[in-house]
Amino acid sequence: MDIETIPGVGEKTAAALSELDDPERALRDGDVAALGRAPGISDGRAARIARAAIRREHGDPGGFAATPRAQEIYRDALDLVGDHAVTRYAERRLETFYPSPSRTRVEEAREFAARAMERDPDDEVRGALAGVEPLESPPSVRVRDRCLATTDAETYARAQDALPEVSVEIVDDARGLADLARGYATVVALDDAFTGVEVDGDVRVEPDALDDPATVVPERTLAFFAHNRDRLRAAVEVHRVAEMDPPCDLDELADALARIDDDGDVADDDRLERLQTAVDDLDAAVSTAESVANDRLRAAIEERDVTIEGADLLSLVEQGAGVDSLLQRELADEYAEAVDDARDHLVDALGLDDYADMARRAFPDQPTFPVERDEAVVSRLREELTTARDRRATRLKREVATDLADAREDAEALAEAALELDVELAIARFAREYDCTMPEVGGEGIAIEGGRSPLLDVAYGEVDPVDYGVEGVALLTGVNSGGKTSVLDLVALTVTLAHMGLPVPADSARVEHVEELHYHAKTQGTLDAGAFESTLREFGSLVDDIRSGDGGSVVVLVDELESITEPGASAKIMAGILEAFDATDATAVFVTHLAREIRDAARTELAVDGIEAEGLVDGELVVDRSPVKDVLARSTPELIVEKLADERDGFYVELLEKFE
166 MDIETIPGVG EKTAAALSEL DDPERALRDG DVAALGRAPG ISDGRAARIA
216 RAAIRREHGD PGGFAATPRA QEIYRDALDL VGDHAVTRYA ERRLETFYPS
266 PSRTRVEEAR EFAARAMERD PDDEVRGALA GVEPLESPPS VRVRDRCLAT
316 TDAETYARAQ DALPEVSVEI VDDARGLADL ARGYATVVAL DDAFTGVEVD
366 GDVRVEPDAL DDPATVVPER TLAFFAHNRD RLRAAVEVHR VAEMDPPCDL
416 DELADALARI DDDGDVADDD RLERLQTAVD DLDAAVSTAE SVANDRLRAA
466 IEERDVTIEG ADLLSLVEQG AGVDSLLQRE LADEYAEAVD DARDHLVDAL
516 GLDDYADMAR RAFPDQPTFP VERDEAVVSR LREELTTARD RRATRLKREV
566 ATDLADARED AEALAEAALE LDVELAIARF AREYDCTMPE VGGEGIAIEG
616 GRSPLLDVAY GEVDPVDYGV EGVALLTGVN SGGKTSVLDL VALTVTLAHM
666 GLPVPADSAR VEHVEELHYH AKTQGTLDAG AFESTLREFG SLVDDIRSGD
716 GGSVVVLVDE LESITEPGAS AKIMAGILEA FDATDATAVF VTHLAREIRD
766 AARTELAVDG IEAEGLVDGE LVVDRSPVKD VLARSTPELI VEKLADERDG
816 FYVELLEKFE
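Here the numbering used here is used: the first residue of the sequence shown is 166, the next is one more, and so on.
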């Protein structure tokens, strides 16, 4: 697939999509999540691109919803389904369902919806879906405790491109490696020539390291899984609750995710945690150990009566001796015990037996007061603890990254399957809430049984079911507030959903295959001359297109076109329009209060359907909402006059005769 041939995709967008692993599959499948991973492509943009790719795939020119009101009905239909989605992804993915004149696209969408309607949208699955989102690439990582080394400039350049997360250094010989080893916890030499070279520190000769990034920079792999850890855990839970067939072992993935934290570091390793704690707390532990020793020594001094003879004092002064000599002579045992306490405290605080000897050397045997650490030893201890921590962390990261290195594709498939499930369940919930059924697409005209419009401003359970069928051209009449516009909306919604490949809110329905839906809403007030002329031109162009065959099969729905101008002229104009439609294969329904006048003005017999009012009860209309074929429904004024005529003779009876 040539990406740039997709409508709306320019060179820049095509270049961004080309960075995906399999952009053609994502476009073909309408995979909004995958498309959204392309640089600079938002979710909304991804949905539009996917929709355009589907149109191109099926040779769909667009334009099904041919009028503003038809477009509103499509948006309403999309909202009705989208309101049942849990994830934002599903909302966007549902936007790839649109009313299409393409038979192959409608059939493709119908197959998807039919599978979706077999799903059981239980609340437990819905709850699990709440945490699922498309996986994201993590922020770039930078690793500072290791580096790559090479003597070759070309290898140096390749290493920088392949592993930008770590420093790459050029060295001349083993001495250069040794220098690097003093500054990094780990050095990875990329040249075979270094094999067998003895260098202090953690120096590894790995000529194939650039081919296996996970062993050198496991942080790259771990960063992806750490960044998406909660999303993957939610996807795992969805697969378990929904009993889906996963692309990988769920327990193994869950265990691997449990071994890393949100920062991509290895978790739940006791040795690593002790090393980290030792590094973090070393200065505090040493200071506390000093205090322990000094408190004990101070107490010992305060408790002792030290007697120094004059000759001894003179000798100490002449020798320049200070407190240290006095401690060594008079309080040697007490000092030794105080230092032992300091050493024990430090060893216990570190909790690392293999560093106990070095920790003890942090406090020298030579008496001093106050007792002080040997800073050189403490620095060396800190360095060795840090190096040990970093090396262990790297080794553990390698182990986990090795387990996860080949799991990224499966992880993405796992998340995408959970997200696609939400798309299916949104359709299933929509179908259940509105008692939907898959319509038949084909034949002539439209037939709806037990249809209820979810677009009404009343609870869906309170909506009266409607049976209505139309083939060819029909006038739809009825009392005010009898439901004529609601019938038009139901027909428009049924036609739209059917061509989206989705179920419709009816007991059963059949919709002819349509290429365009023209729905003209009621005009508010009489149009001025310019707007009136524009409306006539619009209908004239539509009639010409239908006659020529350029417009394809169409459904035309019009609500009270007579309001565009004076009633007398409106009846004549509508009669002419209906005559033109009647001579074609168009399906058209015109809601009107001028049915008599239109029939009188027409040169052909026009079908008239009526929404019958059974009468007035306590001032309220009692209406059968289903239109009746070949019935000119009575108007509200006629019903009122009839009610008065039943109650009284004379004037009202005479007035009622005017309606005959």
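Note that CB positions come from ideal geometry on N, CA and C, so glycine has one too.
- Look at residue 613 here: in three-state DSSP terms it is strand.
- A residue is called buried once 16 or more other Cβ atoms fall within 10 Å of its Cβ, and residue 224, having fewer, is exposed.
- Between residue 687 and residue 726, the alpha-carbon positions lie close to 7 Å from each other.
- In this structure, residue 229 sits near residue 681, with a CB-CB distance shorter than 8 Å.
- Taking every protein chain shown into account, the CB of residue 816 has fewer than 16 other CB atoms within 10 angstroms, so this residue is exposed.
- DSSP, read as helix, strand or coil, puts residue 252 in coil.
- Judged by DSSP secondary structure, residue 673 falls within the beta strand (DSSP E) whose first and last residues are 673 to 676.
- Straight through space, the alpha carbons of residue 192 and residue 332 are spaced by roughly 38 Å.
- The beta strand (DSSP E) runs lying completely inside the region 356 to 430 and spanning 3 residues or more are 367 to 370, given in chain order.
- Beta-bridge partners of residue 794 (DSSP): 774.
- Inclusion of residue 390 and residue 666 in the CB contact set at 8 Å is not warranted, their separation being larger than that value.
- Residue 569 and residue 205 have their C-alpha atoms roughly 27 Å apart.
- DSSP, read as helix, strand or coil, puts residue 498 in helix.
- In this structure, DSSP gives residue 235 a helical state, which the three-state scheme calls helix.
- A Cβ-Cβ distance of about 14 Å is found for the pair residue 635 and residue 796, leaving them out of contact under the 8 Å criterion.
- A Cβ-Cβ distance of about 7 Å is found for the pair residue 355 and residue 314, placing them in contact under the 8 Å criterion.
- Counting only runs that start and end inside the region 610 to 671, the beta strand (DSSP E) elements of at least 3 residues fall at 611 to 616, 631 to 635 and 638 to 643.
- Here residue 301 has 392 and 393 as same chain residues with Cβ atoms under 7 Å from its own Cβ, once five neighbours each way along the sequence are excluded.
- Non-local beta-carbon contacts of residue 650 in its own chain, meaning distances under 8 Å to residues more than five positions away in sequence, involve 687, 724 and 756 in chain order.
- Going by C-alpha positions, residue 505 is about 8 Å away from residue 458.
- Beta-bridge annotation (DSSP): residue 334 is paired with 314.
- CA-to-CA, the gap between residue 700 and residue 577 works out to about 52 Å.
- Restricting attention to 194, 207 and 195, the CA atom closest to the CA of residue 181 is found in 207.
- Within the same chain, and ignoring the five residues on either side of residue 434 in sequence, the residues whose Cβ sits closer than 7 Å to its Cβ are 561.
- The beta carbon of residue 758 sits closer than 8 Å to the beta carbons of 642, 725, 727 and 800 from its chain, once the five residues preceding and following it are set aside; these are given in chain order.
- Per DSSP, residue 543 lies in no beta strand (DSSP E); the unbroken alpha helix (DSSP H) holding it starts and ends at 540 to 569.
- Non-local beta-carbon contacts of residue 540 in its own chain, meaning distances under 6 Å to residues more than five positions away in sequence, are absent.
- In this structure residue 718 is in contact with residue 750, their Cβ atoms being roughly 6 Å apart against a cut-off of 8 Å.
- The residue from 668, 563 and 593 with its alpha-carbon nearest to that of residue 374 is 563.
- According to DSSP, residue pairing for residue 683 in a beta bridge involves 721.
- Take residue 672, set aside five residues on each side of it, and the residues of its chain with a beta-carbon closer than 6 Å to its own are 614 and 615, in chain order.
- Closest by C-alpha distance to residue 329, out of 305, 316 and 720, is 305.
- If you look at residue 178, you'll find it in the alpha helix (DSSP H) that goes 176 to 183.
- Residue ranges of uninterrupted alpha helix (DSSP H) with 4 or more members, entirely inside the region 183 to 234 and ordered along the chain, are 188 to 194, 197 to 200 and 208 to 222.
- Residue range 435 to 468 is occupied by the alpha helix (DSSP H) that includes residue 442.
- The alpha-carbon separation between residue 706 and residue 744 amounts to approximately 15 Å.
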